[in-house]
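For reference, the structure is listed below as structure tokens.
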Amino acid sequence: AQSVTQLGSHVSVSEGALVLLRCNYSSSVPPYLFWYVQYPNQGLQLLLKYTSAATLVKGINGFEAEFKKSETSFHLTKPSAHMSDAAEYFCAVRGSGGYNKLIFGAGTRLAVHP
Amino acid sequence: DAGVIQSPRHEVTEMGQEVTLRCKPISGHNSLFWYRQTMMRGLELLIYFNNNVPIDDSGMPEDRFSAKMPNASFSTLKIQPSEPRDSAVYFCASSPTQAGDRGEQFFGPGTRLTVL
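For the protein sequence lines, the chains are A and B, in the order given.
Here my numbering is used: position 13 in the first sequence is 438, and no number is missing along the way.
Here my numbering is used: position 20 in the second sequence is 61, and no number is missing along the way.
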């Protein structure tokens, strides 16, 4: 069965600092992995996805994530945080059985301070 | 495309009343998902459909909750009777499941439900 663990429910960084949000997954099949972002009072928006092509995936707004099979990780990074990056971030893995069911992590709330 | 459309965006009702939330998926998408999000429990999958057929409703909390998808362009989530603990943001998402797709779900803006 697939599962996702996000380490750290809250992360706080200074503007301009590196952003690192951690995600570890468990999957019995080659995984499809996703990062979604949720801004206040909005729905979830896809940041990036890994679907067995390049292990370093670039997404929107300067974010990227690296798939590491040996570590079962898919951490999200951004070299320099911006105030507008403050949001909640969800890691997800595609479930088995088709239908594109996603298994979401609990989310990490990112705060960016001046 | 307009994306996933949900209505209403906000709903305030009194305990015991019936509440109906509506969703129009992206045209051509054949999977539809209903989620509930609260501070306490986070994002929960309630039910999902494929080709208008309910596939898994194990996340539906109680018999007070029901969902239908009468056609490919419309789904409803109904709560009858509503209770204060149903207060949450309800999201609808759709996804294409044709061969070669990559599993992405597209989310609507959500309906914020408050039950007094």
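Beta carbons are placed, not taken as given, at the ideal position from N, Cα and C, and that holds for glycine.
Note that the structure is a prediction, hence the values are computed from the model and not measured.
How about Q431/A and G530/A: are their beta carbons less than 7 angstroms apart?
For Q431/A and G530/A, yes; Cβs fall inside 7 angstroms.
Under the DSSP definition of a beta bridge, which residues are partnered with Y131/B?
In the DSSP output, where bridge partners are listed per residue, Y131/B has R77/B, T152/B.
Contacts that N91/B makes with chain A (C-beta to C-beta distance below 7 angstroms)
Result: Y524.
Please tell me whether P95/B has its Cβ less than 7 angstroms away from any Cβ of chain A.
False, the Cβ-Cβ gap to chain A never drops below 7 angstroms.
Residue burial classification, T152/B (beta-carbon count within 10 angstroms, cutoff 16):
Its Cβ being crowded by 16 or more others within 10 Å, T152/B is buried.
For L157/B, I'd like the list of residues in its chain whose CB is within less than 8 angstroms of its CB, leaving aside the five on either flank, ordered along the chain.
Excluding positions up to five away in sequence, the list reads V53, T54, E55, M56, P125.
If you follow the beta strand (DSSP E) that L445/A is in, where does it begin and where does it stop?
Counting along the chain, the beta strand (DSSP E) containing L445/A begins and ends at 444-451.
Which of the three DSSP states, helix, strand or coil, is assigned to G487/A?
Helix at G487/A.
Close beta carbons around L154/B, own chain, < 7 angstroms, minus the five adjacent residues each side
Its chain contains E52, V60, D127, S128, A129, Y131 as the residues whose beta carbon lies nearer than 7 angstroms to that of L154/B, once the 5 sequence neighbours on both sides are disregarded; these appear in chain order.
Go ahead and label T533/A buried or exposed: buried means 16 or more other beta carbons lie within 10 angstroms of its beta carbon, across all protein chains shown.
Under a 10 Å Cβ-count criterion, T533/A is classified as buried, with 16 or more other Cβ atoms of the shown protein chains found around its own Cβ.
As an exercise, report each continuous beta strand (DSSP E) stretch of at least 3 residues that is fully enclosed by the stretch 456-538 of chain A, in chain order.
Entirely contained in the stretch 456-538 of chain A, the beta strand (DSSP E) runs reaching 3 residues are, in chain order, 458-463, 469-475, 481-483, 489-493, 498-503, 512-519, 527-529, 533-538.
Relative to the alpha-carbon of A536/A, which residue among P455/A, C516/A, Q463/A has its alpha-carbon at the smallest distance?
Just measuring C-alpha positions, the residue of P455/A, C516/A, Q463/A sitting nearest A536/A is Q463/A.
Supposed close pair P504/A, L443/A - CB separation, criterion 8 angstroms:
Contact between P504/A and L443/A holds, with the beta-carbon distance rounding to 6 angstroms and staying under 8 angstroms.
Quick one: give me the first and last residue of the beta strand (DSSP E) that V436/A is part of.
V436/A -> beta strand (DSSP E) spans 435-439.
Starting from the Cα of S452/A, find the closest Cα among E496/A, S434/A, S439/A, L472/A and give me that residue.
For the set E496/A, S434/A, S439/A, L472/A, the Cα lying nearest the Cα of S452/A is the one of E496/A.
Mind checking K526/A: buried by the 16 CB within 10 Å criterion, or exposed?
That one is buried.
Out of C133/B, P137/B, P95/B, point me to the one whose CA is closest to R77/B's CA.
For R77/B, the closest alpha carbon among the candidates C133/B, P137/B, P95/B is that of C133/B.
Is there a C-beta anywhere in chain A that falls below 7 angstroms from the one on E52/B?
Taking Cβ atoms only, chain A never reaches closer than 7 angstroms to E52/B, which makes this a no.
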